[in-house]
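*Asks:* Please find one structure pasted underneath; my questions will follow.
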Amino acid sequence: MARCGFGRVNSPAAARALSTPDPRGALAGATIWCPDGMELPMTIAARIADLNGIITADDLAALGAQSEQVVVWLRQGHLVRARRGAYVDGPLWRSLDARNQERTAARAAVRRLTRVGGLVAAARTAAIIHALPTIGQATTTILARTGGGPSEHAADVRIQACWGPGSAHEVDGVPVLAVAASVISVAATSGVQAGVVAADAALHQKRCSVDDLHDWMTPNIGRRGIRSARETIRLADPQCESPGESLTRLGLVGLELPWRSQVEIATDAGTYRVDFLVGDRIVVEFDGAVKYGGAQGRDELFKEKRREDALRRAGFLVVRVTWADLRDPRRLQALLTPALKAS
């Protein structure tokens, strides 16, 4: 298969000769030429592979690529622009689901912004790269300093002060706060809900401990947002298995209801573990709106109905909570009120 190549361009007739070579490149004095429809140059494809599917405008320039050629590669689908100056391998991008596209885009943006050194991904950006669950959509890349320096804000970048020595780790080739430090920075930056969602997942997956969270929170006492981090640690539950469960639990806390998580209940159809038991008789389950299409879906629906019927025969009231119910505490309270009265 024909490929693009490197070469000195001496005339307009030389394929798609491109303009002045980048003096910063390792191949200074050379440019890339590439007729439409050709693959990426082997050197660029290899660099993308080395970087686990991402590349930046600076990386491309260092390899001799010109902006006009990048436009062609974008049009041909060889590259996808993930953020300003940050790109992802096109075939890889199209193979990813939305969550992994977000993670890959975050990695690309962090690589572009941390090439000067002294910065790591922090807060929500770090959580995304660590594959921890997050709330909402990312519109800003958040970084933290690894040494001294103030916080800074720009249109699409936010730089936080250092979270402490030893905070920098590397994940898939980009610098990022350690998992526990990432959770604390999420809570301090985005609030208790976001912090608990990230903390529950990190603790459940045994990627950090409660002591680790305290170790990153304590030296930062007095820092803006650290009260949310302290509250996050207090409310975190390693037994929670999904963001929906985490937010349901916070809803129960907000309504000042007594609850226990991941409780096993014996029934005539077997023993079932429920998301939450409120008081002695109310089972609260988070329903992520699983699709029940096809044979497998119908089987899951049958099992779920059998489980719920068994719990009711055992004397329990079953309340199902959806994402919509979690958006407004009043809606969650209205959903639970009939069961609370009946119990």
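The numbering of the sequence shown is the working numbering, which starts it at 1 and goes up by one.
C-beta: ideal position from N, C-alpha, C; glycine also.
Go through its chain and collect everything with a Cβ distance to residue 252's Cβ below 6 Å, but skip five positions before and after it.
*Replies:* Along the sequence shown, read from residue 1 onward, the residue named residue 252 stands at position 252. Closer than 6 Å at Cβ, skipping near neighbours: 259.
*Asks:* At 4 residues or longer, and completely inside the segment 88-173: list those alpha helix (DSSP H) runs for me, N to C.
*Replies:* 90-95, 98-113 and 123-129
*Asks:* Rounded to a whole number of angstroms, what is the C-alpha to C-alpha distance between residue 199 and residue 61?
*Replies:* Working through the sequence shown from its first residue, we reach residue 199 at position 199. Working through the sequence shown from its first residue, we reach residue 61 at position 61. Rounded to the nearest whole angstrom, the C-alpha separation of residue 199 and residue 61 is 40 Å.
*Asks:* From this set, 52, 124, 322 and 174, which residue's C-alpha is nearest residue 195's C-alpha?
*Replies:* The residue given as residue 195 occupies position 195 in the sequence shown. Closest option to residue 195, Cα to Cα, is 124.
*Asks:* Does the beta-carbon distance from residue 106 to residue 138 come in below 8 Å?
*Replies:* Along the sequence shown, one-based indexing puts residue 106 at 106. Along the sequence shown, one-based indexing puts residue 138 at 138. Yes.
*Asks:* Just tell me which of 164, 148 and 144 has its CA closest to the CA of residue 176.
*Replies:* Position 176 of the sequence shown, counted from the start, is the residue given in the question as residue 176. With distances taken between Cα atoms, residue 176 lies closest to 144.
*Asks:* Taking the alpha carbon of residue 150 as the point to measure from, which residue in 141, 163 and 140 has its own alpha carbon closest?
*Replies:* Position 150 of the sequence shown, counted from the start, is the residue given in the question as residue 150. The shortest C-alpha separation from residue 150 is found at 163.
*Asks:* Looking only at its chain, what residues have a beta carbon closer than 7 Å to the beta carbon of residue 343, apart from the 5 residues adjacent to it on each side?
*Replies:* Translated into the one-based positions of the sequence shown, residue 343 becomes position 343. Excluding positions up to five away in sequence, the list reads 279, 281, 282 and 317.
*Asks:* Ignore the nearest five residues each way along the sequence and tell me which others in residue 312's own chain have a CB closer than 7 Å to its CB.
*Replies:* For the purposes of this step, residue 312 is identified with residue 312 of the sequence shown, where counting begins at 1. The answer, listed in chain order, is 318.
*Asks:* In this structure, does DSSP put residue 328 in helix, strand or coil?
*Replies:* Looking up residue 328 in the sequence shown gives position 328. In this structure, residue 328 counts as coil in the three-state DSSP scheme.
*Asks:* Confirm, please, whether the CB-CB distance from residue 45 to residue 85 is below 8 Å.
*Replies:* The residue you call residue 85 lines up with position 85 of the sequence shown. The residue you call residue 45 lines up with position 45 of the sequence shown. No, the Cβ-Cβ distance between residue 85 and residue 45 is not below 8 Å.
*Asks:* Could you compute how far the alpha carbon of residue 72 sits from the alpha carbon of residue 78?
*Replies:* Position 72 of the sequence shown holds residue 72. Position 78 of the sequence shown holds residue 78. Answer to the nearest angstrom: the Cα atoms are 9 Å apart.
*Asks:* Residue 54: which of 83, 87 and 68 sits nearest, CA to CA?
*Replies:* For the purposes of this step, residue 54 is identified with residue 54 of the sequence shown, where counting begins at 1. Checking every option, the nearest Cα to that of residue 54 belongs to 87.
*Asks:* Starting from residue 82 and walking both ways along the alpha helix (DSSP H), at which residues does that stretch end?
*Replies:* The residue labelled residue 82 in the question sits at position 82 within the sequence shown. No alpha helix (DSSP H) holds residue 82; the beta strand (DSSP E) holding it covers 79-83.
*Asks:* Under the rule that 16 or more other beta-carbon atoms within 10 Å means buried, what is residue 42, buried or exposed?
*Replies:* As a working mapping, residue 42 is identified with position 42 in the sequence shown. Classification of residue 42: exposed, given that the 10 Å Cβ count is below 16.
*Asks:* Check this for me: beta carbons of residue 322 and residue 287, under 8 Å apart or not?
*Replies:* For the purposes of this step, residue 322 is identified with residue 322 of the sequence shown, where counting begins at 1. For the purposes of this step, residue 287 is identified with residue 287 of the sequence shown, where counting begins at 1. Yes.
*Asks:* What does the alpha-carbon distance come out to for the pair residue 226 and residue 304?
*Replies:* Numbered from 1 along the sequence shown, position 226 holds the residue referred to as residue 226. Numbered from 1 along the sequence shown, position 304 holds the residue referred to as residue 304. Straight-line Cα distance between these residues: approximately 41 Å.
*Asks:* Can at least three beta-carbon pairs, one atom from the segment 215-232 and one from the segment 240-256, be found at a separation below 8 Å?
*Replies:* no
*Asks:* Does the beta-carbon distance from residue 160 to residue 184 come in below 8 Å?
*Replies:* On the sequence shown, position 160 is the one that residue 160 refers to. On the sequence shown, position 184 is the one that residue 184 refers to. Cβ distance not < 8 Å, so residue 160 and residue 184 don't count as in contact.
*Asks:* May I ask you to report which of helix, strand or coil DSSP gives residue 222?
*Replies:* Within the sequence shown, numbered from 1, the residue matching residue 222 stands at position 222. Residue 222 falls in the coil class under three-state DSSP.
*Asks:* DSSP three-state label for residue 39, please.
*Replies:* The count along the sequence shown starts at 1 and reaches residue 39 at position 39. It is a strand residue.
*Asks:* Quick check on the DSSP output: the beta strand (DSSP E) that includes residue 275 runs from which residue to which?
*Replies:* The count along the sequence shown starts at 1 and reaches residue 275 at position 275. Note, residue 275: beta strand (DSSP E), 270-278.
*Asks:* Determine the DSSP secondary structure at residue 343, reduced to helix, strand or coil.
*Replies:* Locating residue 343 in the sequence shown gives position 343, counting from the first residue. Residue state, collapsed to three classes: coil.
*Asks:* Once DSSP output is grouped into helix, strand and coil, what is the label at residue 46?
*Replies:* What you label residue 46 is simply residue 46 of the sequence shown in a count that begins at 1. DSSP places residue 46 in helix when its eight states are reduced to three.
*Asks:* Is the segment 168-182 close to the segment 116-130, with three or more CB pairs under 8 Å?
*Replies:* yes
*Asks:* Considering only residues of the same chain and omitting the five flanking positions on each side of residue 233, which have a CB-CB separation below 6 Å?
*Replies:* Working through the sequence shown from its first residue, we reach residue 233 at position 233. The residues are 213.
*Asks:* Give a yes or no on whether the C-beta atoms belonging to residue 197 and residue 261 are separated by under 8 Å.
*Replies:* One-based indexing of the sequence shown puts residue 197 at position 197. One-based indexing of the sequence shown puts residue 261 at position 261. Their beta carbons are not under 8 Å apart, which means residue 197 does not touch residue 261 by this criterion.
*Asks:* Just to check my reading of the structure: residue 116 and residue 140 have Cβ atoms closer than 8 Å, yes? What is that Cβ distance to the nearest angstrom?
*Replies:* To locate residue 116, count along the sequence shown from 1; it is residue 116. To locate residue 140, count along the sequence shown from 1; it is residue 140. With a Cβ gap of about 19 Å, residue 116 and residue 140 do not count as contacting.
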